[in-house]
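Chains as they are written, first to last, in the UniProt record's numbering: chain A, 1 to 141; chain B, 1 to 141.
C-beta: ideal position from N, C-alpha, C; glycine also.
Protein chains: 2
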Amino acid sequence: MLSKKTQYAFHALIHLAENQDKGPILISEIAQEKNISIKFLENILLELKNAGILGSKKGKGGGYYLMKPPKEIALAKIIRLLDGAIALLPCVSLNYYERCENCKDEAICGLNEVMSKVRDASLKILENKTLKDILTRQVTI
Amino acid sequence: MLSKKTQYAFHALIHLAENQDKGPILISEIAQEKNISIKFLENILLELKNAGILGSKKGKGGGYYLMKPPKEIALAKIIRLLDGAIALLPCVSLNYYERCENCKDEAICGLNEVMSKVRDASLKILENKTLKDILTRQVTI
DNA sequence: CATAAACTCTATAAAAAAGATAGACTTATT
DNA sequence: AATAAGTCTATCTTTTTTATAGAGTTTATG
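And the structure:
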């Protein structure tokens, strides 16, 4: 399960993407719109900024904005940034690998093999789907 | 990421499956073989027993054993039992659903749509792969 | 039937992670 | 100068995870 942090990040990014034309967006606006604690959201947006995903402007008329078009922001990147590994086991993680301490040889471990497949199946989606793909779908009347 | 509890459960089940012919297996044997704290493992095996996956025999010559053939024990079942939801978001979980508190309408939420796909991709593997599929692969000389 | 072996059960504790809050500071606009 | 807004660091609370303790129960067996 993704942490609240990552969940909030997605919702904030969605709001920013859907309001790109309006210039910098206030933290407080996002917090209110998405029902998130403003102080908690502050930390999250800052992390996204430090990772180069968001930009910000201080002072009056300031706020946060996307640094790249939504279609260039992969969902996997956000998850890894805020939650760490996407894989179900450390011994199968591409970015946060750790040796398995319970099995004798990962190369012949069947669990390792299956969990690698789960990782690949998830990544196939999360690496290719972007912020653009999770914007609110327009309902055609 | 799966909890240690679930990871240990998998390793314990693997050991039990690979030694099915030897009658009940001691907790202490599994703990030593798989490098797991014996007391922690005790709790895990008990949970697996209460869920009907393992059986046990008390007293001398006792221990734990599988209640079903390995090919009938799906990996998804073990994860759900010990870790809960497999989905990345509560609003997308089949067994542990919770309403999304940050979006206005799940039906048109793009995040919900993508995460449903991730869930399905993971479940396709985890519901179909069983304990039999994660046993140590025999290396043919 | 006594003994020892082994699982059972409940409680608790320690550690880590998650979630949230506080407040002083800096920058920018008007 | 005043105000609006992000920045930064620290701290705190709660929850979850991981682990341990110990008394209780069951069973085999000599």
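Can you tell which of LYS117/B, ALA121/B, LYS68/B, LEU123/B has its C-alpha closest to the C-alpha of GLY52/B? Counting from one through the second sequence, the residue named residue 52/B turns up at place 52. The option with the nearest alpha carbon to GLY52/B is LYS68/B.
Could you tell me whether the segment 95-112 of chain A touches the segment 79-86 of chain A, where touching means 3 or more Cβ pairs closer than 8 Å? These segments touch.
Which residues, taken in chain order from the segment 115-127 of chain B, show a beta carbon closer than 8 Å to some beta carbon of chain A? With the criterion set as a beta carbon lying under 8 Å from some beta carbon of chain A, the members of the segment 115-127 of chain B are LYS117, VAL118, ALA121, SER122, LYS124, ILE125, LEU126, in sequence order.
Below 8 Å, can you find three or more Cβ-Cβ pairs linking the segment 3-14 of chain B to the segment 34-43 of chain B? Judged by Cβ distances under 8 Å, the segment 3-14 of chain B makes contact with the segment 34-43 of chain B, as three or more pairs qualify.
Option in ALA9/B, MET115/B, GLY110/B with minimal Cα separation from LEU46/B: Along the second sequence, one-based indexing puts residue 46/B at 46. Checked all of ALA9/B, MET115/B, GLY110/B; the closest Cα to LEU46/B is ALA9/B.
For ALA85/B, which residues of its own chain have a beta-carbon under 6 Å away from its beta-carbon, when the five flanking residues on both sides are left out? For the purposes of this step, residue 85/B is taken as residue 85 along the second sequence, with counting starting at 1. Excluding residues within five positions, the ones whose Cβ falls inside 6 Å are SER93, TYR96.
Should ASN128/A go down as buried or exposed, given a rule of 16 or more other Cβ atoms within 10 Å for buried? Here residue 128/A is taken as the residue at index 128 of the first sequence, counted from 1. Exposed: under 16 other Cβ atoms inside 10 Å.
Examine chain A for any beta-carbon lying closer than 9 Å to the beta-carbon of ASN35/B, and answer yes or no. By 1-based counting over the second sequence, the position of residue 35/B is 35. Closer than 9 Å: yes.
Please name the residue, chosen from ALA12/B, LEU131/B, HIS11/B, that lies closest to GLU72/B on a Cα-to-Cα basis. Taking the second sequence and counting its residues from 1, one reaches residue 72/B at position 72. Nearest to GLU72/B by C-alpha distance, out of ALA12/B, LEU131/B, HIS11/B, is LEU131/B.
How would you call ASN102/A, buried or exposed, if buried means at least 16 neighbouring beta carbons within 10 angstroms? Counting from one through the first sequence, the residue named residue 102/A turns up at place 102. In the assembly as shown, ASN102/A is a buried residue. Its beta-carbon has 16 or more other beta-carbons within 10 Å.
ALA76/B and ILE44/B: beta carbons closer than 9 Å? Position 76 of the second sequence, counted from the first residue, corresponds to residue 76/B. Position 44 of the second sequence, counted from the first residue, corresponds to residue 44/B. No, these two residues do not count as a Cβ contact at 9 Å.
If you reduce the DSSP assignment to three classes, tell me which class TYR96/A lands in. Numbered from its first residue, the first sequence carries residue 96/A at position 96. Coil, per DSSP.
What are the uninterrupted segments assigned as beta strand (DSSP E) that are 3 or more residues long and contained completely in the segment 52-126 of chain A, given in chain order? Within the segment 52-126 of chain A, the complete beta strand (DSSP E) runs of at least 3 residues are 54-57, 63-66.
Taking the alpha-carbon positions, what's the ALA121/B to LEU66/B distance? Residue 121/B sits at position 121 when you count from the first residue of the second sequence. Residue 66/B sits at position 66 when you count from the first residue of the second sequence. Each residue's alpha carbon lies about 28 Å from the other.
From LYS22/A to LYS57/A, what distance separates their C-alpha atoms? One-based indexing of the first sequence puts residue 22/A at position 22. One-based indexing of the first sequence puts residue 57/A at position 57. Approximately 13 Å, taken between the alpha carbons.
List, in chain order, every chain B residue whose beta-carbon is nearer than 7 Å to that of PHE10/A. Stepping through the first sequence from its first residue, residue 10/A is reached at position 10. For the C-beta of PHE10/A, the chain B residues within less than 7 Å are, from N- to C-terminus, LEU111.
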